[in-house]
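Novice: Please find one structure pasted underneath; my questions will follow.
Numbering (our numbering), first residue to last: 2 to 430.
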């Protein structure tokens, strides 16, 4: 079965060979006003190739190409008026105007990136409902659900060159400001649910500042400070297309890319782009983890693959789920989760000494000091060696036992005769 699936994927990708080149990081647009060409940096979500998208466990597990698609390599050309009309018909509250810059981004999605769009359309079945639910909860335009398309290409573990992480590409300071935990063990920027709610709060706050969704999108990319500076340089104009020349290079293409993403995710059929099909994903649920837990403990006792655990819990940066340090959760397929609950403490105790080796306390032994002669030892050493006289001992007996002579014993002890008494101390050295 795996071989058949692999052949289907290979066949589909070969049909898109004309567009399977490595995505370029820039796009060139012509400015009709100045008559000059301008190079614009692409959002990083538009520089991801299809192979890297398909390497995600969820996509490998539940996506497969539609091999019945007709003419997948034919990208029809349309007059500008057609694009204008299609954008006008989108059911959105945000402004989605058409111009030659927007056209360039539409052409990129419908051309070079069409195979990636196929994958994202399939992946969207897993992630976009999460986005829509959060956006609706905060009363935000639902078309913002396509923001992660240009941010991360719908990859929850994406990391940008600048260090932004996750579906919504949060930088560390912004993530912490909106309640996401990021430390050596946990990175909630990778959690689709928590990151989406944080993004909704951030977008809501940006709208309170600018009261214009195009400016909000720009600020999401380059920060509200850069947008505010651009507004001042444009003599106070609060219109994205007016402040456009004063924005950072990538941000100039960010709003056009967002418009193009909304276009292509709605009008993919008109460009013969076939979405990857999605099989019904496994039902999952979460449980609170109250102690430190190693992934291998769960994998071995609950009969679930490590790769599955890692994919369902992308927020954990190591193999240890730090339940003893924070409010940690574990997401598992429902069947395996029930096993985890039934086993109770057995999972936590299994191979704990071997897998959870971090020590909470340690005993520090007393420092070993080099032996130094004390005054008493020095004095004792200067006195030499003494023995106790036994009953019946003579100087000759004592001298033989201690390898010395009677004359030396007399000299050391001041003895003139041979009289000794039992218990007497005699120096022999």
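Backbone N, C-alpha and C define an ideal beta-carbon position, used for all residues, glycine too.
From the DSSP output, in three-state form, read off residue 423 for me.
Specialist: coil
Novice: Indicate whether the contact test is met: 3 or more Cβ pairs, each with one atom in the region 217-232 and one in the region 188-199, closer than 8 Å.
Specialist: Judged by Cβ distances under 8 Å, the region 217-232 makes no contact with the region 188-199, as fewer than three pairs qualify.
Novice: Using DSSP's beta-bridge definition, name the partner residues of residue 444.
Specialist: Since the first residue of the chain shown is 2 and the last is 430, residue 444 is not available in this structure.
Novice: Hey, how far is the Cα of residue 302 from the Cα of residue 348?
Specialist: 7 Å
Novice: Entirely within the region 118-186 and at least 3 residues each: give me those beta strand (DSSP E) ranges in chain order.
Specialist: none
Novice: Using alpha carbons as the reference points, say which of 135, 267, 134, 391 lies closest to residue 93.
Specialist: 267
Novice: Kindly list the residues whose CB is nearer than 7 Å to the CB of residue 218, restricted to its own chain and excluding five residues on each side of it in sequence; keep chain order.
Specialist: 255, 256, 259
Novice: Using 8 Å as the cut-off, can you tell me whether the region 113-126 makes contact with the region 233-249, which would need three or more C-beta pairs spanning the two stretches below that distance?
Specialist: no
Novice: Could you tell me which residues DSSP pairs with residue 28 in its beta bridges?
Specialist: 41
Novice: Could you check what DSSP says for residue 87 in three-state terms: helix, strand or coil?
Specialist: The three-state secondary structure of residue 87, taken from DSSP, is helix.
Novice: Note down, one range per segment and in chain order, each beta strand (DSSP E) of at least 3 residues found wholly within the region 46-106.
Specialist: none
Novice: In the DSSP assignment, find the beta strand (DSSP E) that holds residue 321 and state where it starts and stops.
Specialist: 321-323
Novice: Would you identify the three-state DSSP class for residue 404, choosing helix, strand or coil?
Specialist: Coil.
Novice: At which residues does the beta strand (DSSP E) containing residue 387 begin and terminate?
Specialist: Counting along the chain, the beta strand (DSSP E) containing residue 387 begins and ends at 387-389.
Novice: State the beta-bridge partners of residue 398 as determined by DSSP.
Specialist: In DSSP, residue 398 forms no bridge with anything.
Novice: Given a threshold of 16 other Cβ atoms within 10 Å of its Cβ, counted over all protein chains shown, does residue 82 qualify as buried or as exposed?
Specialist: exposed
Novice: Could you check whether residue 264 and residue 107 sit closer than 8 Å to each other, using their CB atoms as the reference points?
Specialist: Remark: C-beta atoms of residue 107 and residue 264 approach each other more closely than 8 Å.
Novice: Candidates 147, 105, 274, 312: which alpha carbon is nearest residue 62's?
Specialist: Proximity to residue 62 across 147, 105, 274, 312 peaks at 312, based on C-alpha coordinates.
Novice: Between residue 342 and chain D, is any beta-carbon pair separated by less than 8 Å?
Specialist: Absence of chain D from the displayed structure is noted, only one protein chain being present.
Novice: In whole angstroms, what is the alpha-carbon distance linking residue 119 and residue 155?
Specialist: Distance between the alpha carbons of residue 119 and residue 155 is about 12 Å.
Novice: Less than 8 Å between the C-beta atoms of residue 315 and residue 157, yes or no?
Specialist: Cβ distance < 8 Å, so residue 315 and residue 157 count as in contact.
Novice: How about residue 318 and residue 181: are their beta carbons less than 8 Å apart?
Specialist: no
Novice: Could you tell me the distance, in whole angstroms, from the CA atom of residue 337 to the CA atom of residue 286?
Specialist: Spanning the two alpha carbons is a distance of roughly 10 Å.
Novice: Among the residues of its own chain, which have a CB less than 6 Å from the CB of residue 123, if the five just before and after it don't count?
Specialist: 64, 276, 277, 279
Novice: Considering only the beta carbon of each residue, do residue 215 and residue 86 sit closer than 8 Å?
Specialist: no
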